[in-house]
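Top to bottom, those sequences are chains V and G.
Note that the working numbering numbers the first sequence so that position 279 is 340, with each residue one more than the last.
Note that the working numbering numbers the second sequence so that position 346 is 392, with each residue one more than the last.
Written below as structure tokens is the structure these notes are about.
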Amino acid sequence: MSAHADTHAHDDDHEHHHKETFVTKYIFSQDHKMIAKQYLITGTIMGVIGVLMSMMFRMQIAWPEEPNVLFEALLGKWAPGGVMDADIYLALVTIHGTIMVFFVLTAGLSGTFSNLLIPLQIGARDMASGFLNMVSYWLFFVSSVIMVISLFVEAGPAAAGWTIYPPLSALPMAQGGSGMGMTLWLVSMAIFIASSLLGSLNYVVTVINLRTKGMSMTRLPLTIWAFFVTAIIGIVSFPVLLSAALLLIMDRSFGTSFFLSDIFIQGEVLHYQGGSPVLFEHLFWFLGHPEVYIVILPAMGLVSEIMATNSRKPIFGYRAMIMSILAIAFLSTIVWGHHMFISGMNPFLGSVFTFTTLLIAIPSAVKAFNWITTIWKGNIQMNPAMLFSIGFVSTFITGGLTGIILGDSALDINVHDTYFVIAHFHLVMGISALYGMFAGIYHWFPKMFGRMLNKNLGYLHFWVTAICAYGVFFPMHFIGMAGLPRRYYTNSHFPLFDDLTNANVVITLFAIVGGAFQLVYLWNFFYSIFFGKPTVQNPWRSTTLEWTAPVKHIHGNWEGDIPHVYRWSYDYSKPGHDDDFVPQNIPLKDGEEELQH
Amino acid sequence: MTAFLTLIIVLFIAIAIWQMVKIFDLAQVGSSKSPVATDKDNTINAYLMMGFLIFIYAITIASFWYLGDLPLMSNSASEHGPGLDNLMIISMVVIFIVQTITQFLLHYFAYKYKGEKGKKALFYADNNTLEAIWTFVPVIVLAGLIIYGLFTWTAIMNVDESDDPLIVELYAQQFNWKARYGGEDNTLGLANVRLIDIDRANILGLDEADPNAQDDVITTELHLPVGRPVLFKMRSQDVLHSAYMPHFRAQMNCVPGMITQFGFTPTVTTEDMRQNPDIQEKVANINAIRLGKKEEIEARGQELMYEFDYLLLCNKICGKSHYNMQMKIIVETQEEYDAWMKEQKLFKDSLTK
Numbered sequence: 062m063s064a065h066a067d068t069h070a071h072d073d074d075h076e077h078h079h080k081e082t083f084v085t086k087y088i089f090s091q092d093h094k095m096i097a098k099q100y101l102i103t104g105t106i107m108g109v110i111g112v113l114m115s116m117m118f119r120m121q122i123a124w125p126e127e128p129n130v131l132f133e134a135l136l137g138k139w140a141p142g143g144v145m146d147a148d149i150y151l152a153l154v155t156i157h158g159t160i161m162v163f164f165v166l167t168a169g170l171s172g173t174f175s176n177l178l179i180p181l182q183i184g185a186r187d188m189a190s191g192f193l194n195m196v197s198y199w200l201f202f203v204s205s206v207i208m209v210i211s212l213f214v215e216a217g218p219a220a221a222g223w224t225i226y227p228p229l230s231a232l233p234m235a236q237g238g239s240g241m242g243m244t245l246w247l248v249s250m251a252i253f254i255a256s257s258l259l260g261s262l263n264y265v266v267t268v269i270n271l272r273t274k275g276m277s278m279t280r281l282p283l284t285i286w287a288f289f290v291t292a293i294i295g296i297v298s299f300p301v302l303l304s305a306a307l308l309l310i311m312d313r314s315f316g317t318s319f320f321l322s323d324i325f326i327q328g329e330v331l332h333y334q335g336g337s338p339v340l341f342e343h344l345f346w347f348l349g350h351p352e353v354y355i356v357i358l359p360a361m362g363l364v365s366e367i368m369a370t371n372s373r374k375p376i377f378g379y380r381a382m383i384m385s386i387l388a389i390a391f392l393s394t395i396v397w398g399h400h401m402f403i404s405g406m407n408p409f410l411g412s413v414f415t416f417t418t419l420l421i422a423i424p425s426a427v428k429a430f431n432w433i434t435t436i437w438k439g440n441i442q443m444n445p446a447m448l449f450s451i452g453f454v455s456t457f458i459t460g461g462l463t464g465i466i467l468g469d470s471a472l473d474i475n476v477h478d479t480y481f482v483i484a485h486f487h488l489v490m491g492i493s494a495l496y497g498m499f500a501g502i503y504h505w506f507p508k509m510f511g512r513m514l515n516k517n518l519g520y521l522h523f524w525v526t527a528i529c530a531y532g533v534f535f536p537m538h539f540i541g542m543a544g545l546p547r548r549y550y551t552n553s554h555f556p557l558f559d560d561l562t563n564a565n566v567v568i569t570l571f572a573i574v575g576g577a578f579q580l581v582y583l584w585n586f587f588y589s590i591f592f593g594k595p596t597v598q599n600p601w602r603s604t605t606l607e608w609t610a611p612v613k614h615i616h617g618n619w620e621g622d623i624p625h626v627y628r629w630s631y632d633y634s635k636p637g638h639d640d641d642f643v644p645q646n647i648p649l650k651d652g653e654e655e656l657q658h
Numbered sequence: 047m048t049a050f051l052t053l054i055i056v057l058f059i060a061i062a063i064w065q066m067v068k069i070f071d072l073a074q075v076g077s078s079k080s081p082v083a084t085d086k087d088n089t090i091n092a093y094l095m096m097g098f099l100i101f102i103y104a105i106t107i108a109s110f111w112y113l114g115d116l117p118l119m120s121n122s123a124s125e126h127g128p129g130l131d132n133l134m135i136i137s138m139v140v141i142f143i144v145q146t147i148t149q150f151l152l153h154y155f156a157y158k159y160k161g162e163k164g165k166k167a168l169f170y171a172d173n174n175t176l177e178a179i180w181t182f183v184p185v186i187v188l189a190g191l192i193i194y195g196l197f198t199w200t201a202i203m204n205v206d207e208s209d210d211p212l213i214v215e216l217y218a219q220q221f222n223w224k225a226r227y228g229g230e231d232n233t234l235g236l237a238n239v240r241l242i243d244i245d246r247a248n249i250l251g252l253d254e255a256d257p258n259a260q261d262d263v264i265t266t267e268l269h270l271p272v273g274r275p276v277l278f279k280m281r282s283q284d285v286l287h288s289a290y291m292p293h294f295r296a297q298m299n300c301v302p303g304m305i306t307q308f309g310f311t312p313t314v315t316t317e318d319m320r321q322n323p324d325i326q327e328k329v330a331n332i333n334a335i336r337l338g339k340k341e342e343i344e345a346r347g348q349e350l351m352y353e354f355d356y357l358l359l360c361n362k363i364c365g366k367s368h369y370n371m372q373m374k375i376i377v378e379t380q381e382e383y384d385a386w387m388k389e390q391k392l393f394k395d396s397l398t399k
């Protein structure tokens, strides 16, 4: 196997002991563990903003056009007398989507765990390039700051939906938010993409080159496989969004007509001719669809790892899990058109995209069944991370199944852009990925901060969140099937939808309770960083390499030599061993078979 | 008032959380100091897993019970509607079965195999037969759904022009809809937004020199004769809009710079649909709700009582008043349609000199 050849031969060159100042240790750090924490905390702050926005627009939907003290306090001039303005409603849904998809579930999830786990789990001293890694984080930080600043511009933040379809996003006269707010949105996203690309390149190079001796690709934990493939998808698809953003900037500011043609607005004909908004949709969704896998694959990796550890069983069908990750990654790049069945593109293309889209259900089904089989006959340790992992599988199934309806071009005609879509993607990639992220945080918190999170608060956090997530998103399927379009500021102009009012109030109540209970988590998180119970080296009795590293973070991860690897990462409850786990750095016993599958 | 109540609720929740944090903190000192799950934790959470399974089933049943029989999900009013609804129902049944079984397995296993000290899990890493089963069963089911779906889709999207469909243009602008009929010749005159001349009331940019445009008719209500195929040609003058006609299972984006199309045959007149018992029940239900909110509705200057009508909604975010971009659709008999059409002004007569 050639995989054995490219192991890390230079174990000992990294023993530099240069003095660290506060700035190099906590701010401009090049250490992957610190950068992971920086990603996590920035992502958390952005998450709080994103969730708070959703609370606000949910209140508006439940009690439309009613004065609300909260709006008055938080929205200022956008809520005269406490009544939310229609423009700011659209801005809130736009920025909520942008922040949650990119800043929380891409950077916050991938950035945190790829950085933390890749070097530690493959047995490397650090990322291939610590400097690029630092640059990547700080670009992300700058783009976050710009996105937050865009909330405060005079004419309002971007409000064309997170998909920013032109011409709405291109013309300031079409919408207030398409002025300075949209400019900042585009600049922020362009910087974000640069950050994401630098990060992804680093992850790919590190996984390929810096694996320790014995860590062949088929011994890698599934987390690393997931991060590795995610990074590749990112490298393939993010540049396309960057090009779309740049072309849109050209259309907006330099008079080109890539996406615009034949427009008459506010009494005048604009000069644009020959472009097409459908082109933008293609470019956007060429990233936009892989993006949902960029969000969900790392969560899948984390969940696979946590489920095996806490079931005290090997992950079921390790090779099938890898194959399904690869299949999903490949298919994810050829299904984008299912967002565009009714965009005006040739209906024949719709047929093709229906076919490729429904194919994705196959590797997804394989994964779901493999997770279920993993816990079968296990010895399940109900740690909070495990609960969130089980919750992940549950919401992934519930949300994924409705993809069969949305991916079918004929059925999409009637539920496209309704609440059915909102229900589908929030469950399958929003809530699921968030659960994956929470699972990861509960599991690797001791690795990150050397202390344990409070278990009981974790239970409280999970159960309330689980109930509220279903309470919010399950009924939305039915509201969507009743024909209610998304992104409506109020439904009061459609008596047709009056019988959905109560359902909307119930959904909002679930959302408020669910949102409020995230405070339990935030409290637990920040309190435990400083005052949590100190952890032992391997609290979950796990097999992977990160738990062989000392609790105290040191530059270079391991004192002395890097551990060598002799077995795959799922030797849980293996017959012939006294313990119910055998770490990867323990050599095979005499006559022991390396039974992988 | 609601705002005040909301604030109080939020405040109470915050206090409740704070209290619970306290209780959990205190409880932890007394019972289990371990930050890792103990057998007791495993047992409690295992029971909660079963409770949660029941919750998932309950919310499914409740959603179907309270929201599942919305007439919009049945009672389609177009020729292709029942076929599409059938496909929807089949897909829903498949989903329902898979959901019920897999959620049961997941939560039941989590309950059944809860951790106990001294127990050892089964070392079971792979089984090719099992994996083949759950690869090929989805393949077969999906193949069925894909084939059915593709036939349905092709039937809907391929408009047969030899049926002599009624040609209607749907014209979208922020934030209203217009409809344009081809007149006697059933042919739309050429148009482009560059020809819009507000002073001459040429609001859709028709080519005044085009003979086909002379007898075009522009309206703010969409009237359709029952039983005749209609082919919609969609245009937008400013941003993306989407012409969504849920009762007819029809939707297509309106894209500036290009003409998109969608065709269907309406099968039920507005009058007949109003007599449909499902719709009558829905309308009665809505009116009961509206009576309860009388003051609020009258303050908005809206009519209190609701009467059923087909609607065209905008379903692509298009700006501030996106939430109120609609047009009434009236399906009627050919005679009623002809009578209505006679009253409309032709394009050539509507221009101001």
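Cβ coordinates follow ideal geometry from the N, Cα and C atoms, glycine included.
These numbers were taken from a predicted model, which means no experiment stands behind them.
Own chain residues within Cβ distance below 6 Å of residue i, not counting five before or after
i	result
GLU342(V)	MET401 and SER404
TRP397(V)	TRP346, PHE347 and HIS350
ARG313(V)	ALA231
LEU410(V)	GLY398
Residue i, buried or exposed, once every other Cβ within 10 Å from all chains shown has been counted against 16
i	result
GLU341(G)	exposed
ILE474(V)	buried
ARG246(G)	exposed
GLN121(V)	buried
LEU57(G)	exposed
ILE98(V)	Checking the sequence, you will find Lys at residue 98(V) rather than Ile. Label assigned to LYS98(V): buried.
VAL285(G)	buried
GLU378(G)	buried
TRP64(G)	exposed
LYS399(G)	exposed
ARG346(G)	exposed
TYR217(G)	buried
Reference residue i; option with closest CA among the options
i	options	result
TYR227(G)	LEU357(G), GLY161(G), ASP262(G) and LYS279(G)	ASP262(G)
THR273(V)	VAL162(V), ARG186(V), ALA564(V) and ASN440(V)	ARG186(V)
ASP209(G)	MET371(G), LEU350(G), TYR217(G) and THR311(G)	THR311(G)
LEU448(V)	TYR194(G), GLY273(G), ALA259(G) and ASN88(G)	ASN88(G)
ALA369(V)	GLY335(V), ILE433(V), LEU245(V) and ALA426(V)	ILE433(V)
LEU606(V)	LEU340(V), ILE296(V), GLY468(V) and PRO180(V)	PRO180(V)
ALA237(G)	GLY237(V), ASP323(V) and ALA287(V)	ASP323(V)
THR317(V)	GLY652(V), PHE325(V) and TYR333(V)	TYR333(V)
PHE578(V)	PHE523(V), SER493(V), PRO300(V) and PRO375(V)	PHE523(V)
ALA422(V)	ILE136(G), CYS300(G) and ILE141(G)	ILE141(G)
PRO375(V)	LYS635(V), ASN563(V), LEU570(V) and GLU653(V)	LYS635(V)
THR466(V)	ARG295(G), HIS126(G), HIS368(G) and ILE136(G)	Before going on, a small fix: residue 466(V) reads as Ile here, not Thr. Checking every option, the nearest Cα to that of ILE466(V) belongs to ILE136(G).
Same chain only: Cβ atoms within 7 Å of residue i, ignoring 5 sequence neighbours per side
i	result
SER90(V)	ILE96 and MET195
LEU488(V)	THR456, THR459, GLY460 and PHE534
GLN390(G)	VAL263 and THR265
VAL566(V)	ALA123
Neighbourhood of residue i by C-beta, 8 Å cutoff - its chain only, sequence neighbours within 5 removed
i	result
GLU76(V)	Residue placement at GLU76(V) is poorly supported in this model, since its pLDDT is 44, which falls under 50; the coordinates still yield a value, given next. For GLU76(V), where only same-chain residues beyond five positions count, the Cβ hits under 8 Å are GLY617.
GLY660(V)	Because residue 660(V) is not part of the residues shown, which for chain V are 62 to 658, the question remains open.
(request) Give, in chain order, every unbroken run of the beta strand (DSSP E) that is at least 3 residues long and sits entirely within the stretch 208-254 of chain V. (result) none
(message) Could you check whether the stretch 319-326 of chain G touches the stretch 491-509 of chain V, counting it as contact only if at least three pairs of C-beta atoms, one from each stretch, sit closer than 8 Å?
(response) no
(message) If we require 3 or more residues per run, which beta strand (DSSP E) segments fall completely within the stretch 229-310 of chain G?
(response) 263-265, 268-271, 276-282, 287-291, 296-300 and 306-310
(message) Which runs of the alpha helix (DSSP H) at least 4 residues long sit entirely within the stretch 122-202 of chain G? Give them in chain order.
(response) 127-158
(request) Determine, using beta-carbon pairs with one atom in the stretch 143-160 of chain G and one in the stretch 357-365 of chain V, whether at least three such pairs fall under 8 Å. (result) no
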